[in-house]
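J.: I have a structure here, written as structure tokens, and I will follow up with some questions on it.
In this note's numbering, the protein residues as written are 17 to 847.
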């Protein structure tokens, strides 16, 4: 027997819309409980071979009353049922659990009752049923019902095979099985595997998620070419979603690593060349092999710089790129560096010619070397780069630093005074760059001095600043003071009439005043309405506090020190390129903060540059002699200060007057790039001498514009036909202009749509080509039609190129093209 009170709510809902309800109880489960129903305003009639009497009562005697007509046991069929006309008119209520659930869910499709009856455990919990009802549509069939039951068990709203598979794959990657076990517990695992078989083509006598994952990766490795064509297309489309969607990317890498181990993939590619593997972007072992092979090829000059660039660009789609981006960047920088060194000509016609060639050309070799070392040092592992690193170090130290240093030294030896006709001296910085801004008192200037900001670092910094919207930056050079060290370089940047060393060398004196430290420099700046302040203090101020500070002074000198502070210590000097990277980030932030405080004229400069090489120096780079003189005051790795210094072929000697200094101390500089060997001092990072890297000092002039001046590259869709006749379509796309500082890369996704229905894959495309050659700026979107496309033959299809709306997960149409789907037969074999 069953408790009839559980049926009451269903009957009450029936009586809300009709006055007569027929209740069939074939198993006679509720006969003894009829009296407990207590339906208000409803009379219960039990049929007992009195069909005519019941019909007369309902239709003639009480035509306005409400009746529950209960029939127990077997019901006559066909014409033997004298109440059939009324049952057809009012419908029949049955109280078996499946029927009740079906009525509660509001589903009427064929097979719904069987689906509900097959999973009784699922429907015993009200919470699960309520969750299911929130997902249902009145037209859902039995398969949709089961799919949405799976979604409820997986605690998600999405019920497609793709989304269910995504959830199970993510769980499997984390070594869990609770969600899959829930499907099995409620009898839905068989339904899932049936869907996987019919839609993807995976079949197994004992299916499992781990086995399915292995099958998927085998298919992907083979290019989705082995199996049932329709299933292959579906799994190919959904696999692309699994690898490109952030929800499953990490899980896919875990599964890929596991699969590679199970398949012993590393062993299968042991004899492959890096070129053989360029089409594989699934397994980490492929990237490792490509990196090793590419690095060796660059070191052996077995690959052109253009091919290296193309390989690196192609690897950006690898699911492992985030782990290996720095290694690829290092190889790219090394390739460009060795190519440049191979063509290097360090000859120069004069002192000024050397300065000009360094600031316009040669500095890029120092920049590429820094970028290579930085990328290699910040990579998770750099083993494959060791041979390449050896080549880079050898050529950079010997062919560039040493050869350039010697060639430049010949020009330095020929000058009588430390001056140039092509660049201003560092000592005229204030008069040439600051004073013209503040002269009339209506404009203000901010000077950021970053200690040891080498010219090549400033060039890269300028590029980063120009990439910011509404910012412009122009790089110029100055001839740095000698010796090229902090005390003298900082003094040269202050307003002054004369500067020179004090009797013991330091502090450096500016118009009779000490110039060491922020306080003393602030006193000198007082004369021009200025203020000296450390960068850390500026960064700690609120926007309003910084505005007040800027408003109160005509000139702000902001002192920043990371590169020199890192490089000047023996224990940290090898981290100087990391310090250069951090310096650029900090200076961009500093510039933005200052412009937000209304600063409009900002200059970034340095006190000096530096020499650096990452490997230990050979003995040949040290002087074997020591300076000699009557009164030596300062001995540094790259300069000597004193009185009565003795001439020596290893040194270049200057008087204070030759250097434009007001002092009685002479200066000696070790020639070329040589160092003095001093106890306890580092040797890789040095400055103070006369090398181009030390004395070409940057001046970066920054302005902020009123109007936006950055944009994304423009993309044109170039259809080669207006019809789609097979299961795939290749759409040619053209990036109309090169990526530059103000024209930035665009990321888009492509898709084929009928209305708002997606009928293809959605490949992501990156348009970041910086080549001036138009031929390099073409790429193609390879579109694969899904099985849903078969329903839209002879319909208009829209190819859409979409871009993400900034700061959202939404997309908008950027460009489109129209096609007509005209497949002669909806066959999977044209795949």
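Even for Gly, the Cβ is constructed at its ideal location relative to N, Cα and C.
(1) Here's a check: name, in chain order, each residue in its chain whose Cβ is nearer than 7 Å to the Cβ of residue 563, leaving out the five neighbours to either side.
(2) Please check if any C-beta of chain B sits within less than 7 Å of the C-beta of residue 815.
(3) To the nearest angstrom, how far is it from the Cα of residue 67 to the Cα of residue 134?
(4) DSSP state of residue 867, grouped into three classes?
(5) Distance check for residue 566 and residue 572, CA to CA, integer angstroms please.
(6) At the level of alpha carbons, what is the spacing between residue 17 and residue 121?
(7) Taking the alpha carbon of residue 638 as the reference point, which residue from 648, 646, 652 and 647 has its own alpha carbon closest?
(8) In chain order, what residues of the same chain have a beta carbon less than 8 Å from the beta carbon of residue 739, not counting five sequence neighbours either side?
(9) Can you tell me which of 706, 482 and 700 puts its alpha carbon nearest to the alpha carbon of residue 686?
(10) Beta-carbon separation of residue 313 and residue 301 under 7 Å?
(11) Mind checking who residue 833 pairs with in its DSSP beta bridge?
(12) Could you tell me the distance, in whole angstroms, from the CA atom of residue 43 to the CA atom of residue 87?
(13) Across which residues does DSSP place residue 668 in a beta bridge pair?
(14) Residue range of the alpha helix (DSSP H) that residue 364 falls in?
(15) Is residue 343 closer than 7 Å to residue 930 when the C-beta atoms are compared?
(16) Consult DSSP for residue 320 and reduce its assignment to one of helix, strand or coil.
(17) Expressed to the nearest angstrom, what Euclidean distance is found between the alpha-carbon atoms of residue 732 and residue 774?
(18) As a quick exercise: from 311, 54 and 754, pick the residue whose alpha carbon is nearest that of residue 401.
(19) What separation, rounded to the nearest whole angstrom, lies between the Cα atoms of residue 183 and residue 551?
(20) Would you tell me roughly how many angstroms separate the C-alpha atoms of residue 586 and residue 696, rounded to the nearest one?
(21) Using the Cα positions of residue 833 and residue 416, report the straight-line distance between them to the nearest angstrom.
(22) Distance, Cα to Cα, residue 108 vs residue 119?
(23) Have a look at residue 341 and residue 715 and give me their C-alpha separation to the nearest angstrom.
(24) What is the DSSP secondary structure of residue 764, counted as helix, strand or coil?
(25) Please report the residue range of the alpha helix (DSSP H) in which residue 37 lies.
(26) I need the straight-line Cα distance from residue 719 to residue 603, nearest angstrom please.
(27) Are the CB atoms of residue 140 and residue 168 within a distance shorter than 7 Å?
(28) Let me check understanding here. Comparing Cα to Cα, which of 474, 280 and 535 lies closest to residue 621?
(29) With a floor of 4 residues, list each alpha helix (DSSP H) that falls wholly inside the segment 203-242, ordered by position along the chain.
(30) Exposed or buried, residue 777, counting other C-beta atoms within 10 Å across all chains shown (16 or more means buried)?
(31) Determine the contact status of residue 149 and residue 202, defining contact as a CB-CB distance below 7 Å.
(32) Decide if residue 93 is buried, meaning its Cβ has at least 16 other Cβ atoms within 10 Å, or exposed.
(33) By Cβ distance, which residues of its chain are closer than 7 Å to residue 702, with the 5 residues on each side in sequence left out?
(34) Beta-carbon within less than 6 Å of residue 765's beta-carbon, same chain only, minus the 5 sequence neighbours each way: which residues are those?
(35) So residue 684 and residue 433 are supposed to be a Cβ contact under 8 Å. How far apart are they, rounded?
(36) So, at 7 Å on beta carbons, what are the nonlocal neighbours of residue 811 in its own chain, with the 5 sequence-adjacent residues on each side left out?
T.: Answer, in terms of the structure:
(1) 613 and 614
(2) The chain inventory of the structure shown lacks chain B, comprising one protein chain alone.
(3) 35 Å
(4) In the structure as shown, the chain starts at 17 and stops at 847, and residue 867 therefore has no counterpart that could be examined.
(5) 7 Å
(6) Note on residue 17: pLDDT 40, under 50, position unreliable in the model; the coordinate value appears next. Approximately 25 Å, taken between the alpha carbons.
(7) 652
(8) 835, 836, 837 and 838
(9) 706
(10) no
(11) 815
(12) 10 Å
(13) 685
(14) Note, residue 364: premise wrong, no alpha helix (DSSP H); not H, not E.
(15) Lying outside 17 to 847, the shown extent of the chain, residue 930 is not represented and no answer is given.
(16) coil
(17) 21 Å
(18) 311
(19) 49 Å
(20) 8 Å
(21) 52 Å
(22) 11 Å
(23) 32 Å
(24) strand
(25) That residue, residue 37, is in no alpha helix (DSSP H); its beta strand (DSSP E) goes 36-41.
(26) 14 Å
(27) no
(28) 474
(29) 205-211 and 225-237
(30) buried
(31) no
(32) exposed
(33) 626, 627, 653, 654 and 691
(34) 778, 780 and 818
(35) Wrong, their Cβ atoms sit about 16 Å apart, outside the cutoff.
(36) 770 and 837
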